[in-house]
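One structure is given here, and the rest of the page talks about it.
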Amino acid sequence: MTINEIQDEIIEEFELFDDWEGKYEYIIDLGKKLPKLSDEFKTDDNIIKGCQSIVWLHAYKQDGRIHFEADSEAIIVKGLVSMLVKVMTNHTPEEIANADLYFIDKIGLASHLAQTRSNGLASMVKQMKAYGIAYQANV
Amino acid sequence: MSILDINKIRKDFPILDEKINGRDLVYFDNAATSQKPLVVLEALSNYYGHYNANIHRGIHFLAEKATSAFEDSRTTIQKFLNAAHKEEIIFTYGTTDGINLVAQTYGRKFLKEGDEIIISTLEHHSNIVPWQMLCEEKGCVLRVIPIDDKGDLILEEYVKMLSEKTKFVSVVHVSNALGTINDIKFIIDNAHAVGAKVLIDGAQASSHITIDVQALDADFYAFSAHKLFGPTGMGVLYGKSDILNAMPPYRGGGEMIKEVTFEKTSYNELPYKFEAGTPNIADVVAVKFAIDYINDLGKENIAAYEDELLKYATEQLSEIGGLRIVGQAKEKVSVVSFVLDGVHPQDVGVILDQQGIAVRTGHHCTQPLMSRLGLPGTSRASFAVYNTTTEIDKLVAGIHKVKKMVL
Ligand SMILES: Cc1ncc(COP(=O)(O)O)c(C=O)c1O
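Chains as they are written, first to last, in our numbering: chain A, 1 to 139; chain B, 140 to 546.
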């Protein structure tokens with residue numbers, strides 16, 4: 001699936017929720033299901049700066065595609081991180097560098113990208129794209 | 140029961156009618172900034188609508204009126220702190236600005252290599268970083284008063300730290316993260332005994348505690364208007380006049396000069412020496428209304444009511460399984476910091492926010508304190524006179540919901 005197809009699928013899933021509780025319970029559940037990042041990748045270099053809670057992002061390239069793994073101390077952020085990983089992982093560097101992530105806004109969680117709360121997430125998107133650009137350069 | 144009519148007080152704060160995520164706002168982030176009563180909002184719009192003018196320079200009617208309102212605020216604050224002289228009240232843009240002013244003027248002029256500056260583990264970053272910058276420049280040594288596990292300063296350690304090398308002590312009156320009220324009289328007296336000067340960071344104290352800078356014998360006292368129902372971007376630095384007179388000016392520009400030639404400039408007198416440029420006139424004018432508002436309610440009445448809220452919140456929150464209150468100092472203001480087993484503070488904050496409840500989560504600009512406590516951060520509910528026990532009940536229910544959703 002393309003990045004946009006995955007985004008559209010998430011948006012569709014979220015249309016099922018008519019209150020905040022259902023929505024957040026779902027995100028928390030995603031957070032709980034995200035596999036733990038192994039300790040060897042929880043390095044200072046992999047920490048996304050600017051978040052109230054620590055977020056780690058690990059990236060590697062395999063067969064021309066970038067793969068992401070991530071983790072966070074806070075469960076809601078971890079759920080959001082899990083969605084970002086789902087959308088962005090296993091695509092080419094070009095696709096990642098050029099991705100337009102509209103799903104966060106569409107599912108009503110744009111405030112999580114706002115400056116104060118977790119600009120860690122905004123930083124995470126930036127960092128993912130930076131990997132996309134970096135991996136384009138060194139093929 | 141409080142002698143204050145809390146429902147009536149609530150009507151003075153229009154923001155309390157806001158709906159957040161479809162719920163009534165429960166504003167428990169008063170330690171970050173307090174809400175503003177109508178009298179303050181009206182003072183601002185009155186100033187801009189009816190007598191806006193630059194001060195201390197025009198001779199026209201509006202300039203006179205603005206100048207006298209501006210200087211009335213100074214007198215009001217002088218009384219609020221019981222300062223001996225009006226010119227000891229310097230307007231700043233906040234606590235941070237006041238502390239930087241002292242570090243950059245008094246500190247740079249009078250401190251030298253090897254001199255020791257004492258702060259405490261409870262400090263806000265704004266009472267750490269300016270001193271670190273000074274230490275770096277001057278080669279001074281920063282020493283830190285430790286705390287015990289309840290969040291009280293270990294004053295025996297402080298006394299041991301003091302010596303003829305101690306030149307400056309800068310300590311917070313009330314901790315923003317834990318609510319601890321420090322025995323600043325003791326701290327000041329002991330510092331003076333070795334000849335050190337003392338600055339008190341009063342950011343959190345000024346809205347809860349009656350301050351008498353003369354009785355305390357504080358050399359400097361800094362606070363921010365926005366934490367006591369006043370506007371943002373306005374603060375006060377109190378300094379003893381003989382010390383302020385001995386200090387070089389901070390920023391250069393208009394207002395702070397007596398005479399300027401290209402060869403030499405002579406500086407204005409106190410307090411103008413430290414107030415370069417057009418000041419924050421509107422907010423200075425409005426702060427008088429905030430202080431009058433507090434005085435009308437009576438600081439003792441406010442403190443007594445806030446103590447009731449603190450007691451109630453402490454009891455109710457303590458009953459929640461897995462919740463631990465962080466900061467159980469002997470004397471506290473109405474701040475309750477807590478951690479919830481297995482739940483990150485950020486998750487607490489996000490889920491409470493969905494329920495219209497505003498708390499602060501994180502390190503509260505006190506990272507060294509959080510690492511001393513071994514915590515990534517806490518959730519903090521801080522109460523003001525317009526809060527109610529009903530709102531605290533909503534907080535308790537909100538925390539139960541957090542547990543149900545996350546655990
Ligand atoms: C104890 C303490 N000191 C200093 C400050 C800084 O105040 P301001 O940001 O208004 O300069 C604060 C504000 O959070 C505080 O709580």
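Note that CB positions come from ideal geometry on N, CA and C, so glycine has one too. Please read all numbers here as calculations on a predicted model, not as lab measurements.
- Contacts with chain B at 9 Å (Cβ-Cβ) include A:V77.
- Within chain A, Q52 have C-beta atoms less than 8 Å from the C-beta of B:G501, given in sequence order.
- Not one heavy atom of ligand 1 falls within 8 Å of the beta-carbon of B:D156.
- Scanning the stretch 319-362 of chain B for uninterrupted alpha helix (DSSP H) segments of 4 residues or longer gives 323-332 and 352-355, listed from N- to C-terminal end.
- A heavy atom of ligand 1 is found nearer than 8 Å to the CB of B:A342.
- Taking the Cα positions, B:H503 is about 20 Å away from A:S72.
- Annotation: the continuous alpha helix (DSSP H) that includes A:V85 extends over I75 to M88.
- Interface criterion not met: the Cβ of A:A122 is under 9 Å from no Cβ in chain B.
- Residues are counted here when their Cβ sits less than 8 Å from a Cβ of chain B; for the stretch 11-29 of chain A these are W20, E21, Y24, E25 and I28, given in chain order.
- In this structure, A:S38 has its CB at a distance of at least 8 Å from all heavy atoms of ligand 1.
- A distance of 9 Å or more separates the beta carbons of B:I320 and B:V310.
- Boundaries of the alpha helix (DSSP H) harbouring B:Q493: P484 to Q493, taken from the DSSP string.
- By the Cβ neighbour-count rule, B:H224 is exposed, with fewer than 16 other Cβ atoms within 10 Å of its own.
- For the stretch 57-84 of chain A, the set of positions with a beta-carbon nearer than 7 Å to some beta-carbon of chain B reads E73, A74, I75, I76 and V77 in chain order.
- Inclusion of B:F522 and B:F152 in the CB contact set at 9 Å is not warranted, their separation being larger than that value.
- Residue-level contact by beta carbon fails for B:N315 and chain A, as no gap is shorter than 9 Å.
- Within the stretch 38-68 of chain A, the beta strand (DSSP E) runs of at least 3 residues that lie entirely inside it are, in chain order, 55-62.
- Ligand 1 never approaches B:N321 closely enough for any of its heavy atoms to be under 8 Å from the residue's Cβ.
- Taking the Cα positions, B:L376 is about 50 Å away from A:K36.
- Partner residues in the beta bridge of B:I464, as assigned by DSSP, are B:F477.
- The beta carbon of B:Y451 is closer than 8 Å to those of T528 and I531 in its chain, skipping five residues each way along the sequence.
- The DSSP-derived three-state label of B:E398 is strand.
- Measuring C-alpha to C-alpha distances from B:G233 to each of B:E398, B:L367 and B:L512 identifies B:L367 as the nearest.
- Spanning the alpha carbons of B:M373 and B:K540 requires a straight line of approximately 38 Å.
- Ranked by Cα distance from B:P507, the first of B:K158, B:A316 and B:K150 is B:A316.
- For a cut-off of 8 Å, the C-beta gap from B:A429 to B:V179 is around 5 Å, short enough to register as a contact.
- Restricting attention to alpha helix (DSSP H) runs no shorter than 4 residues, the stretch 192-246 of chain B encloses them at 200-220 and 234-241, ordered along the chain.
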